[in-house]
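Novice: Residue numbers (UniProt numbering): 1 to 142.
(1) Flag this pair as yes or no: are the beta carbons of residue 117 and residue 95 separated by less than 8 Å?
(2) What are the boundary residues of the alpha helix (DSSP H) that residue 118 is part of?
(3) With H, G and I counted as helix, E and B as strand and the rest as coil, what does DSSP make of residue 130?
(4) Return helix, strand or coil for residue 25, following the three-state DSSP convention.
(5) Taking Cβ positions only, does residue 138 come closer than 8 Å to chain B?
(6) For residue 89, I'd like the list of residues in its chain whose CB is within less than 8 Å of its CB, leaving aside the five on either flank, ordered along the chain.
(7) My understanding is that residue 77 touches residue 71, with C-beta atoms under 8 Å, so please give their C-beta distance in whole angstroms.
(8) How many Å lie between residue 73 and residue 82 at the Cα?
(9) Unbroken alpha helix (DSSP H) runs of length 4 or more, entirely within the stretch 63-118: which are they?
(10) Run through DSSP, which three-state label would residue 55 get?
If you want it as structure tokens, here you go:
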């Protein structure tokens, strides 16, 4: 499901073809007279180049009711927002985070006491931690 959601995200906000990109939106220091001139033009890049659908828009286009999704980094940022949206659409969410206590506190304050949340400890920088987390998930779903 994670791959499906990401594919949907990139399909919604595909950039223009390369020949249609205006070179003035590509940030570079070449040809800039002063740092002040550069900083005055940075806002053009930020306002025009960054856009994507919200988590609610991504979820609405997919049928996720009754499905199980694994979200890494689900205790903050984009992961937390995806967790909120998925639980609102009756999806079971496996929250894989480094600190499960912090994840449970944050998730319960955002999503309420939802029985569809399951917490797993994982550190993606450690292969041993990833294997342990995958073993725990497989054990819980047998």
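In this text, a Cβ means the ideal position worked out from N, Cα and C, and glycines have one as well. For clarity, every value in this text was computed on a predicted model and none was experimentally measured.
Specialist: By the coordinates alone:
(1) If you number the chain shown from 1, residue 117 lands on position 117. If you number the chain shown from 1, residue 95 lands on position 95. Yes, the pair counts as a contact, with Cβ atoms nearer than the cut-off.
(2) Walking along the chain shown from the start, residue 118 turns up at place 118. From DSSP, residue 118 is part of no alpha helix (DSSP H) but of the beta strand (DSSP E) over 117-121.
(3) Mapped onto the chain shown, residue 130 falls at position 130. If DSSP states are grouped into helix, strand and coil, residue 130 belongs with the helices.
(4) What you label residue 25 is simply residue 25 of the chain shown in a count that begins at 1. With a pLDDT of only 44 at residue 25, under the threshold of 50, the placement of this residue in the model should not be trusted; the figure read from the coordinates follows. Correct three-state label for residue 25: helix.
(5) Going by chain labels, chain B is absent from the structure shown, which holds only one protein chain.
(6) Sequence index remark: in the chain shown, residue 89 carries index 89 (1-based). Cβ neighbours of residue 89 beyond the five flanking positions: 59, 64, 65.
(7) Position 77 of the chain shown, counting from 1, holds the residue named residue 77. Position 71 of the chain shown, counting from 1, holds the residue named residue 71. Their Cβ separation, rounded to whole angstroms, is 11 Å, which puts residue 77 and residue 71 out of contact at 8 Å.
(8) Position 73 of the chain shown holds residue 73. Position 82 of the chain shown holds residue 82. Approximately 10 Å, taken between the alpha carbons.
(9) 77-88, 100-111
(10) Start at 1 with the first residue of the chain shown, and residue 55 comes out as number 55. Correct three-state label for residue 55: helix.
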